[in-house]
Amino acid sequence: MSCEDVAITNVDWATMNGIFLPRQRKGKAARFWKEWMTPLEKVTAVKNEVVGWFQKTPITIGTRLQLFTDDELIDRINGATLTMHHPEPRELALEFDQPWEAGVSYYVTVWKENDTYRMFYRSSPDDDSEMTGYAESPDGIHWKRPSLGLYSFRGSSENNIVWVGESESRESHNFSPFLDANPLVNSQERYKAIGGMPPVAFSSYDGIHWKKMGPVALMKEEDMENLMTFDSQNIVFWDNLRKEYMAYFRVWIGGVRSIAHTSSKDFITWEPSELIKIENAPIEQLYTNNVIPYFRSPEIYFSFPMRYVQHREGASDTLFMTSRDGIHFRRPSLDAFIRPGRDMENWSDHSNGTSWGFVPTADDELSLYVVKHYTQNSSAHLRRFTIRTDGFTSMRAPYEGGEFVTKPLVFSGSQLVINAATSAAGSVQVEIQDIYGQPIQKYTLEDSQPFYGDEIERVVTW
1 MSCEDVAITN VDWATMNGIF LPRQRKGKAA RFWKEWMTPL EKVTAVKNEV VGWFQKTPIT
61 IGTRLQLFTD DELIDRINGA TLTMHHPEPR ELALEFDQPW EAGVSYYVTV WKENDTYRMF
121 YRSSPDDDSE MTGYAESPDG IHWKRPSLGL YSFRGSSENN IVWVGESESR ESHNFSPFLD
181 ANPLVNSQER YKAIGGMPPV AFSSYDGIHW KKMGPVALMK EEDMENLMTF DSQNIVFWDN
241 LRKEYMAYFR VWIGGVRSIA HTSSKDFITW EPSELIKIEN APIEQLYTNN VIPYFRSPEI
301 YFSFPMRYVQ HREGASDTLF MTSRDGIHFR RPSLDAFIRP GRDMENWSDH SNGTSWGFVP
361 TADDELSLYV VKHYTQNSSA HLRRFTIRTD GFTSMRAPYE GGEFVTKPLV FSGSQLVINA
421 ATSAAGSVQV EIQDIYGQPI QKYTLEDSQP FYGDEIERVV TW
């Protein structure tokens with residue numbers, strides 16, 4: 001792919017250069033060597049190129065959306081860079097201004113279910129009690145607290161509280177629900193959650209009326225470094241690709257807040273836990289994990305951990321990581337995904353943590369929700385942030401231009417669709433090559449019609 005002054009986020013259906021086809025082209029070896037090389041160097045160059053192509057195992061992608069979040073699909077890059085993008089702040093989604101809420105309301109979970117957006121969060125007034133609040137929205141922008149009448153707070157049941165639980169185990173401190181996508185799930189337990197220290201499992205038939213299931217042994221007690229191991233938003237979800245439940249939770253390793261994971265086929269018996277691997281990053285205090293399969297490309301896992309900078313009075317921000325297996329993670333950039341910004345109230349500890357989950361709020365945008373002004377009783381709130389659909393990262397080229405080539409790919413689609421944005425002077429062109437790196441007739445760079453503009457789904461033409 002050749003591009004100038006452009007950001008390319010993803011491709012869909014058929015994917016780009018290096019598509020594996022059983023096609024041999026003779027007489028093209030000159031591409032692999034230079035005139036100034038010696039005869040032996042020319043032979044070696046040709047051999048290395050051809051052997052290199054044969055050693056590359058083709059990646060079967062079917063018609064699945066492919067994101068440029070790592071180098072998994074990339075063979076080589078020249079002049080382009082893999083770039084992480086930052087979400088934009090929007091309006092306030094929820095002010096924590098009710099009597100049963102205060103400055104330390106936190107640990108938000110959000111998803112879209114049919115035509116309703118649903119939100120759960122820790123509600124914590126200034127008397128150190130904790131409960132779980134619930135909000136709904138028709139569009140992911142305007143949120144309301146329904147009056148549920150389930151629990152009394154200071155003599156009134158006119159509130160949105162869905163769980164209180166035992167204060168000793170702090171069940172509402174980090175109550176994190178999920179919609180169980182297991183096809184064999186009991187309809188009375190379609191909604192599940194974990195919460196507490198150590199964690200307890202909960203179930204519900206509607207997400208409003210909850211009952212306790214019992215302890216969840218995510219980790220052996222003797223392996224816990226201290227009792228604060230689970231003092232964070234711990235996550236469980238059904239993984240449709242792995243056909244099992246995945247759990248991610250906070251652990252302490254030598255005084256450092258880290259992330260561990262485990263799995264279960266039945267939500268009852270859990271495998272021995274182990275640390276996730278973060279391959280290209282320094283050791284930092286990761287307070288939360290917020291791991292979730294990306295719903296538009298579920299073979300890729302996203303993680304939005306809150307980084308806690310302890311020696312700076314707990315100043316916090318959110319990072320972005322990706323994984324292909326849910327165990328080995330990479331950070332596309334060591335920069336923060338969400339920064340505190342110029343508002344000094346956001347430099348308090350634990351501010352700037354994101355919701356677990358993000359939702360489509362338009363055809364071209366996703367929304368996530370960020371806790372701001374944490375610990376500030378008079379102004380703590382949840383703010384909506386938006387990012388381009390699939391636009392967490394992109395392959396970006398400067399004005400001078402750049403190109404990248406994918407590894408050999410096997411696909412079953414009939415079109416190539418890209419998500420791309422250019423400047424007024426920029427453009428994108430695509431060439432399809434055979435396994436030897438030679439252009440396929442009628443799909444060369446010269447045949448490719450340059451695209452300029454800004455589209456989420458642009459069909460490439462030749």
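One point on numbering: in this note's numbering, the residue at position 13 of the sequence shown is 13, and numbering is uninterrupted. For glycine and all other residues, C-beta sits at the position ideal for the given N, C-alpha and C.
Residue 285 carries a coil assignment under DSSP once its states are collapsed to helix, strand and coil.
Beyond the five residues adjoining it in sequence on each side, residue 173 comes within less than 6 Å, by CB distance, of 130 in the same chain, given in chain order.
Check the Cα spacing between residue 302 and each of 356, 322, 316: the tightest is with 322.
In the structure shown, the three-state DSSP call for residue 163 is strand.
Sequence-distant Cβ neighbours of residue 214 in its own chain, meaning closer than 8 Å and more than five residues away, are 200, 201. Considered as a whole, the region 382-459 harbours 393-397, 402-406, 409-411, 416-429, 454-459 as its complete beta strand (DSSP E) runs of no fewer than 3 residues, in chain order.
Note that the C-beta distance between residue 316 and residue 63 is not below 8 Å. Note on geometry: alpha-carbon atoms of residue 419 and residue 92 lie some 29 Å from one another. Annotation: the continuous beta strand (DSSP E) that includes residue 360 extends over 359-362. Apart from sequence neighbours up to five positions away, the residues of its chain that approach residue 340 with a beta-carbon distance below 8 Å are 315, 316, 317, 346, 347, 351, 352, ordered along the chain. The continuous beta strand (DSSP E) containing residue 94 extends over residues 88-95. Judged by DSSP secondary structure, residue 294 falls outside any beta strand (DSSP E); it is assigned neither H nor E.
Secondary structure remark: continuous beta strand (DSSP E) runs of at least 3 residues inside the region 177-234, in chain order: 191-195, 200-204, 210-215. Cβ-Cβ distances below 6 Å link residue 60 to 410 in the same chain, with the five nearest sequence neighbours on each side left out; the list follows chain order. Using a 10 angstroms sphere on the CB of residue 43, the tally of other CB atoms stays under 16, which defines it as exposed. Within the region 310-370, the beta strand (DSSP E) runs of at least 3 residues that lie entirely inside it are, in chain order, 315-318, 321-323, 328-330, 359-362. Separation of the CB atoms of residue 443 and residue 422 is rounded to 21 Å, and the pair is thereby denied contact status at 8 Å. Between residue 355 and residue 361, the CB-CB gap reaches or exceeds 8 Å. Shown here for residue 86: not one same chain residue has a beta carbon closer than 6 Å to its own, the five before and five after excluded. Contact check for residue 126 against residue 289 fails: the beta carbons are separated by 8 Å or more. Between residue 117 and residue 136, the gap from beta carbon to beta carbon is short of 8 Å. Residue 283 sits exposed, since fewer than 16 C-beta atoms from the chains shown fall within 10 Å of its C-beta. Taking the CA atoms as reference points, residue 158 sits about 11 Å from residue 99.
Contact between residue 236 and residue 208 fails: their C-beta atoms lie close to 19 Å from each other, not under 8 Å. When the alpha-carbon of residue 417 is set against those of 440, 456, 394, the nearest one is in 456.
Residue 429 is positioned such that its CB atom lies no closer than 8 Å to that of residue 414. Listed as beta-bridge partners of residue 265 by DSSP are no residues whatsoever.
Approximately 7 Å separates the beta-carbon atoms of residue 374 and residue 104; this is inside 8 Å, confirming the contact. Cβ contact annotation for residue 218 (same chain, cutoff 7 Å, sequence separation greater than five): 199, 247, 249, 262, 270, 273, in chain order.
Residue 381 is a Cβ neighbour of residue 95, given a cutoff of 8 Å.
Contact annotation: residue 337 and residue 84 have beta-carbon atoms nearer than 8 Å. Annotated three-state conformation of residue 43 is helix, per DSSP. Counting only the Cα atoms, residue 369 lies some 28 Å from residue 267. Cβ contact annotation for residue 358 (same chain, cutoff 7 Å, sequence separation greater than five): 366, 367, 368, in chain order. Distance from the Cα of residue 396 is smallest, within the candidate group 231, 45, 69, 216, for 69.
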